[in-house]
Every structure is written in C-alpha cells, then in structure tokens.
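Here the sequence shown is numbered in the UniProt record's numbering, starting from 1 and rising by one per residue.
From the three backbone atoms N, C-alpha and C, an ideal C-beta is built for every residue, glycine too.
Right, one structure below, let's go through it.
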Amino acid sequence: MMSNYLNLQFDLAGKPVSGFCMQIHDDFHETYAVVLDGYHSFCVWLDGNANWKFSKYANIEPGILDKVITQLKSLKPGN
C-alpha cells in the first residue's frame with residue numbers, strides 16, 4: 001500500500017485542494033487521518049464490510065471526500 005503517508009492534491013470544481021493523509025494505528029479498521037488546507041482534519045476508515053466511513057463531524061463537501069477515498073482506493077492492491 002502506501003508508506004503510511006500520502007500527499008493529496010487535486011482540483012474540485014476549479015478549487016485547488018491540497019493536504020495529506022496518513023495511516024494511523026487502529027486495532028479494528030484500516031484508518032487514515034486526513035489533513036486538508038482550509039478544513040478541519042478528519043478520519044476515514046474501512047469498516048468490517050469493506051465500506052468507507054468518515055468522521056461524523058467532518059465538515060467537507062462530499063466531492064472532496066470522494067476524491068480522498070478514490071486516491072486511497074487506487075493504492076490498494078487489486079484496484
């Protein structure tokens with residue numbers, strides 16, 4: 001997968017978004033802390049059913065969340 005750290009940089013509706021995510025230790029899920037410029041940090045994780053979830057109070061546009069998850073999914077073997 002990744003070396004526990006991934007730079008993020010993409011455009012969403014003409015707005016540049018940059019930041020990073022890093023894998024964090026979680027005994028139950030594959031979990032990542034996400035830090036984006038201009039946003040509060042949040043977590044995303046794969047639950048036991050291989051569904052991506054995100055922090056309850058993540059205050060970001062859905063398109064940004066989709067881009068982050070797409071980049072994480074592209075790094076997983078078999079994708």
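With a Cβ-Cβ cutoff of 8 Å, do residue i and residue j count as a contact?
i   : j   : result
G19 : V44 : no
H29 : L46 : yes
Grab me the residues of residue i's own chain with a C-beta within less than 6 Å of its C-beta, minus the 5 sequence neighbours each way, in chain order.
i   : result
L6  : C21
K67 : F10
Who are residue i's beta bridge partners in DSSP?
i   : result
L72 : According to DSSP, L72 bridges with nothing at all.
K53 : W45
In chain order, what residues of the same chain lie with their CB nearer than 8 Å to the CB of residue i, ignoring the 5 residues before and after it?
i   : result
I64 : L12, V17, L36 and Y39
Shortest alpha-carbon distance to residue i belongs to which of the options?
i   : options          : result
A50 : Q23, A58 and T31 : T31
Y57 : Q23, H25 and S41 : S41
Excluding the 5 residues preceding and the 5 following residue i in the sequence, name in chain order all residues of the same chain whose CB lies nearer than 7 Å to its CB.
i          : result
residue 80 : What the structure shows of the chain is the stretch from 1 to 79, and residue 80 is not part of that stretch, so it cannot be assessed.
*In chain order, which continuous runs of the beta strand (DSSP E) of length 3 or greater are located wholly inside the region 6 to 37?*
15 to 24 and 30 to 36
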